[in-house]
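Presented below is the structure to which this report refers.
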Amino acid sequence: MSRADEAETVNVTVNGAEIEASPGELLIDACERAGAYIPRFCYHSRMKPVGMCRMCLVEVDTGRGAALQPSCMLPVSDGMTVETETDLTKKAQDGVLEFLLVNHPLDCPVCDKGGECPLQDQTVAFGPGESRFVEEKRHYEKPIAISDTVYLDRERCILCDRCTRFANDVAGDTLIHFMDRGNNTQVNTFPDEPFASYFSGNTVQICPVGALTAKPYRFKARPWDLEETISTAWTDSVGSRITVQSSRNEVLRLLGVDADSVNWGWLSDKERFAFEALNSEDRLGRPLVRDDDHQLVATGWGDALDRAVAALQGAAPERIAMIGGARLTNESQYAWAKLAKGVLRTDNVDSQLGDGLPVEAVLGLPRATIDDACRPGGTIILMGPDPKEELGALYLRLRHAVLEDGATLIEITPRAGGLTGLASHSLHPRPGELPALTAALVAAVNGEAVDTAGVGGGVIAAAAAALDGPVTVVLGRASLAETGESVADAAVNLSRLDDVSFLSALRRGNIHGALDAGLSPGLLPGRTTLSAGSERVGEVWPGLPESDGLDTAGILAASAEGDIDVLIVLGADPINDFVDHAAAVAGLEAAGTVIAVDLVRNDSIEAAAHIVFAAAGPTESSGTFTNLEGRVSVCEQKVTPPGTARPDWMLATELAHRLGADLGLDSPESIRAELVSVSPVHHNLIEEALAVGRIDGVLVEGNGDIAAPVSTTADVPSNDAYSLRLVSTRSMYDDGVALRHSASSRGLARGLDVRLSPTEFDKLGVKPGTIVKVESSCGQLLAPAFADSSLPAGSAHVPWSAAGSPAGSLIDAGAPFIDVRVERA
Amino acid sequence: MSFFDTANLATAHEIISRYPKPKSATIPLLHLAQQQHGWVSDDAMREIAQLTGTTPAEVKGTGSFYEMFKFHPVGKYMVNVCTNLSCQILGGEELLAHAEETLGVKAGGTTADGMFTLEDVECIAACTEAPCLQVNYRYKLRVGNDDFDQMIDDIRNGRADDLPEHGTLALVRQAIPAGTGAGITAPENAREAPVWMARNDVAEGSDDKDGGA
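What follows is the structure, encoded as structure tokens:
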């Protein structure tokens, strides 16, 4: 080791100018910072270098005389002299390009990459003017579909190893690989095993040639026809930063933006491709009302608004309710909160559909950012959903933290998931017994560990011993067959650990924005409660609810009893999305008037809506988005909404106006300004900060007035010998409205099955795949049965996300656990 | 429903136990699969992936780099005729043409009875004995047309005991009793220098400025 390696900076001379670089930094990065861009194909700043393409050869002198070296494989060292533009360097780059082009077809005019192709651009900039190659080029079958969304044209491939490195190193789905060798080397999948990765779209984005193309964008546009703006992905709560690209007023493609604190440029395929739903033929372009024949028919805005106002005017505040809102921007959420709580004065407002957590667990515990969770040397406790299935970009960050940065992962989940292979300890407690297990884990840190919730004392002791450095709990609702209260109790237990903070893993789009806007019973905007914030908010709002209202389960139950006159469904589909299917149907059908605000017709609208307002989608209106860290980032309008659809906030102000109240909100900016004025936690959310944080957003920190949750649940009795305790988890591709209307993702929803722990499966005495009957006290379903060794004894798993969410028929909202019987059909 | 038979499955587990990481056993297991089946089938690769904790794509990607792994059915006897320079001068190409005629298949083809696969190969490092060929990687030197026909006739009539079937790489399998291997500590977990490093005094702390070179 030389002394320079220990120094804080090293000095490197780049093209005659001396620059400072940090030890270990790669030469290619140091040169780029110094303004000397070195061409490259295989090097990608978010992946380990491999030196495959040789395009980044530059002349480097470390005291032994100048020689050509690949700058992506060379860490800087003190006194290094680099020449990036000498004749020798240029000749080398020219030669490399000539070799890369040997087998590259000249089909640029029909290639999707044409116009934004690094190979094309760099050939022009650094390459030979013409080809000397007269021989026959390599031929392969033109594009082969390596997955449902990605096509591979092997003739165009220059073997840079970017996609294969991404699949193996970043995503952990090694489903594509170099096959064969020499002139026959090609990227390919194993026969009959497609590149079915949730992250496959990233390979298309990082491909430096047109070898990988995405089905939704193929032959849609040329790069010079595209207009773009920065925005935030809306399908989950990670808030991945994206570029929205459109042509002729139609969104055609989303690309990941490298936000250092969020998604590092990566997106899950759901974030990337679900925009198709916005362009679907089923988009609502006009308001609908139900006519005398119970059909939904298009009408004008005046008529629809008048009917809504008539229904609202006749209703007492406690007989009005509003569910949903996580789809909306922060500004729209604030406007609707002000309408519901300030004008209509009802507190029956809930943006969580019974699948979330008590707000105290989300907002009232010490909060962590993604970067906090991924700290080198820290410990991550995953007590929530499988991030691979529900929060794709977060999964990639956590995976990197464990694999590359030495973070320790402890998993407290109902069953094995995407990160299990990386977890140093996997604890799978019996459903409903999270609080007991976490109490045992905390007790084991300084004492004895005993067998708890089906997990051995030894396992608990080992996990407790592994707790090291700052602890971040990724907290969410793993199983929909357990209550959020049980998870909150477990979180209270874990909050007794040293140096612990919590990263919310509520999954639903802008749910954290909704909570910050007060779209939850008992909350007001700015992380405050009805009692604590009434003075501050009351100064600006026309009124306030008199008392705490109902949550979604309560609203649906009250509605089924005939106690709700007007139910506003704000961008939600309770019939497919609320945990208790029967309760959702009963609640919607019994409500006096159901007003839905949405982008497309969903099952709840078809079944129960009387008035439907057509809303503008995420790329069709401007605003901001709050991610699971509390980070606020902008979503900019790129295209106009279909027909006469309007931004959600505008609908709220219009309704308020017709109800005789002035919300005083006339633009997203004015709404943000009012939010900042009533919410001390949002004090840094000023326009200047948003401009500076155009990529990384603005972090809204603090718990506000929200106190930590207090333990509520009682001990959970064990199940009897005949029944199994239900686990129900979501997966990336569900049967949700967005995916149903996305052409390329529609077929990806997983099938229904039931998985049992091996002992239970053996007891059943059937072959894997045999159809069995699963029955709970609420309902039943038929599904093929399989064994799953990661499930704790005495439990059964039914996926929530199969078509039609059939698990909803088994679940009773609010029950701390669901017991089911599994029998031969 | 496993690909490996009981004995080979036990061997596979024994091979995997030699390495700190199961993935390291990929190539030996591909050999084992080829020995059992004559070629490496998709089923074999799926099972190897399962045994080594990798994916079938990774196994195929690794294996397909190597010419001697065959991923499609081949004959019991793989006949590789050299047509590189020395052999070419002394009649290698004529020998190959004769072989094609005798066997009734072109180079790269397999006879209808599944006995022979004929291949045209690059130098097999027996230039002093040209023209030469290999049958299942066993040398046949200074092969004339008549020698070739005789050899094929012998094989067809069971007079070729010295030639194992394709895929068999060694008649004696290396056996390393458990616990006597070189040590299965993964490199990142190693706390002391490997034996060879210590022996050559190049381990950390050594002042040998020439590095023993």
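Each protein sequence line maps, in turn, to chains A and B. With this note's numbering as the guide, the letters of the first sequence map in order to residues 1 to 825. With this note's numbering as the guide, the letters of the second sequence map in order to residues 1 to 213. Where a beta carbon is used, it is the ideal one built from N, C-alpha and C, also for glycine.
Secondary structure of A:Val343 (DSSP, three-state): helix.
Each of A:Ala440, A:Leu665, A:Ala17 and A:Ser45 was checked against the Cα of A:Pro647, and the nearest Cα belongs to A:Leu665. If you look at A:Pro784, you'll find it in the beta strand (DSSP E) that goes Gln780 to Ala787. Taking a C-beta distance under 9 angstroms as the contact criterion, A:Val597 and A:Val566 do not qualify as a contact pair. Sequence-ordered contacts of the segment 171-188 of chain A with chain B read Thr174, Leu175, Ile176, His177, Phe178, Met179, Asp180 and Arg181 [C-beta pairs closer than 7 angstroms].
Put simply, the CB of B:Lys21 is far from chain A, with every gap to its CB atoms at 9 angstroms or more. DSSP places A:Glu775 in the uninterrupted beta strand (DSSP E) bounded by Ile771 to Glu775. A check of alpha carbon separations from A:Val50 across A:Ala393, A:Arg162, A:Gly354 and A:Gly549 identifies A:Arg162 as the nearest.
The three-state reading of DSSP puts A:Cys635 in strand, counting E and B together. Residue range Gly92 to Leu103 is occupied by the alpha helix (DSSP H) that includes B:Glu93. In this structure, A:Ala785 and A:Val820 do not form a Cβ contact; the two beta carbons are roughly 12 angstroms apart against a cut-off of 8 angstroms. Annotated as distal: A:Asn446 and A:Ser711, with beta-carbon spacing of 9 angstroms or more. For A:Cys42, the closest of A:Phe275, A:Met179, A:Ile206 and A:Ala652 by C-alpha to C-alpha distance is A:Ile206. Residue environment for A:His581: buried (at least 16 other C-beta atoms within 10 angstroms of its C-beta). A:Gly794 is positioned such that its CB atom lies closer than 9 angstroms to that of A:Gly454.
Among the bridge pairs identified by DSSP, A:Gln186 is matched with A:Met179. Contact between the segment 203-219 of chain A and the segment 252-260 of chain A is present, with at least three C-beta pairs closer than 8 angstroms.
Between A:Pro317 and A:Leu344 a beta carbon distance of about 6 angstroms is seen, short of the 8 angstroms cut, so the two are scored as contacting.
Nearest to B:Glu165 by alpha-carbon distance, out of B:Gly38, B:Leu30, B:Ala33 and B:Thr26, is B:Gly38. In this chain, the beta strand (DSSP E) harbouring A:Glu59 covers Leu57 to Asp61. By the criterion of at least three beta-carbon pairs nearer than 8 angstroms, the segment 510-517 of chain A is in contact with the segment 625-633 of chain A. Within the same chain, Cβ atoms closer than 8 angstroms to the Cβ of B:Leu141 are found at Ala126, Glu129 and Cys132, the five residues on either side in sequence being excluded.
Taking the beta carbon of B:Glu58 as reference, the chain A residues within 7 angstroms of it are Thr174 and His177, listed in sequence order. By alpha-carbon distance to A:Asp169, the top candidate from A:Leu403, A:Thr619 and A:Ile706 is A:Leu403. The residues Cys82 and Asn84, in chain order, have a CB closer than 7 angstroms to that of B:Cys123 in the same chain once the five nearest residues on each side in sequence are set aside. Residue pairing by DSSP places A:Glu193 opposite A:Phe190 in a beta bridge. In summary, A:Leu296 is buried, with 16 or more beta-carbon neighbours lying within 10 Å of its beta-carbon over all protein chains present.
Under DSSP, B:Tyr139 forms a beta bridge with B:Gln134. In the three-state DSSP reduction, A:Tyr198 falls in the coil class, being neither helix nor strand. Between A:His683 and A:Asp696, the alpha-carbon positions lie close to 17 angstroms from each other. Residue burial is scored here from C-beta neighbours: A:Gly392 has at least 16 other C-beta atoms within 10 angstroms and is therefore classed as buried. Around the Cβ of A:Asn348, a 10 Å sphere holds 16 or more other Cβ atoms; the residue is buried. Restricting attention to A:Ser332, A:Val487, A:Glu83 and A:Leu699, the CA atom closest to the CA of A:Pro668 is found in A:Ser332. At a cut-off of 9 angstroms, the C-beta of A:Pro376 has no neighbouring C-beta in chain B. A:Leu88 and A:Leu68 have their C-alpha atoms spaced approximately 8 angstroms apart.
Under DSSP, A:Glu823 forms a beta bridge with A:Lys773.
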